[in-house]
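Accompanying notes for the structure given below.
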Amino acid sequence: MAQDFGHVKRFKNCKNRKTSLNILILWFFSNQKTAMFLLERILNEQLFLLIIIATSAILISYCIKNRPFLLKSIALAHLKKTAFKVVSNNTQDQIVSILFWTSITLQVICVFIFLEEKNNLNVFIIILFVSLVVVKRATIFISEIIFQTKTLLETYHTSFVVMVIHLGWLSLPFSIYKITYHKIISLQLVQDLNLGLISIVFLYLIIRLVILISTAKNEAVSFLHIIFYLCTLEIVPAVLIFSYLIS
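Just so we're aligned: 226 in this note's numbering is position 22 of the sequence shown, and the numbers increase by one with no gaps anywhere.
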């Protein structure tokens, strides 16, 4: 320990920048445990996840730079009708598509980390998760053909796109924290983080469900349509996912 502080003192008193850098490098790598830990982190499979997250963050930054008003509308879509209308008119926009698939990627990473923590890493589950999102989006369009309620289904579709984007953003800080402190944080803290994330998502889905039911009543559509949509696309998938996560 005294030797380490000696390196630091020499670094502070050194006037030559090149010599200072050499001393700093020597001090850093003089601790073998630090060097081994750094090497382990670099070679760890988590680095690949960080690269994906960094790429997603760059894409989100690109969207913010090019369409800041649209990003703000997406963030407030479930709180303000005007913001929701803006998103509804731009669901086919390239920026929305980028945010949609980027958020799915972030959610897949979150699921991947969760399964890894449970020692149940199964590619099939991840593929199933992505398939459910794609099938749900397709079912919304099929429902429009069956029930002939274009306005309501546009609302459902917009709400679905916004939900996917929001959940992707929500999962991002949790994923970054878990990756950064991979195999360092305690099991209890991991469980608390998972419970916190699940609770926030559950509350978000409940609020969104209330908004969708209210919208459906205002559109005066049939009760059968409401039950069909909510059961097949909202309630059943949510119950299955949450029951699996809790178990």
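Glycine included, every Cβ here is placed at the ideal spot set by N, Cα and C.
Residue span of the alpha helix (DSSP H) that contains TYR266, given as start and end: 250-270
HIS370 in three-state terms, based on DSSP: helix
Residue burial classification, TYR381 (beta-carbon count within 10 angstroms, cutoff 16): Burial call: exposed.
Cutoff 7 Å; reference GLN311; Cβ partners in own chain excluding five residues on either side: Closer than 7 Å at the Cβ level, and outside the excluded window around GLN311, lie LEU371, GLY372, SER375.
Three-state class that DSSP yields for ASP297 in the structure shown: Coil at ASP297, not helix or strand.
Secondary structure of LYS285, DSSP reduced to three states: helix
Exposure label - VAL315; buried when at least 16 CB within 10 Å: Label assigned to VAL315: buried.
Where LYS382 falls: helix, strand or coil (DSSP): Note: LYS382 maps to helix in three-state DSSP.
Inter-stretch contact (C-beta, 8 Å, three-pair minimum) for the stretch 266-274 and the stretch 324-338: In short, these stretches do not touch, since the Cβ pair count stays below three.
LEU332, DSSP secondary structure in three states: helix
Identity of the residue in ILE313, TYR360, PHE318, HIS386 nearest VAL414 by Cα: Here the closest residue by C-alpha is TYR360.
Where LYS340 falls: helix, strand or coil (DSSP): helix
Rounded straight-line distance, which links the Cα of ASP297 to that of THR306: In this model, THR306 and ASP297 are separated by some 14 Å (Cα to Cα).
Neighbourhood of VAL394 by C-beta, 8 Å cutoff - its chain only, sequence neighbours within 5 removed: GLU321, LYS382
ILE299 to ILE388 span [Cα, whole Å]: For ILE299 and ILE388, the distance between alpha carbons rounds to 37 Å.
Simplified DSSP state of ILE389, which is helix, strand or coil: coil
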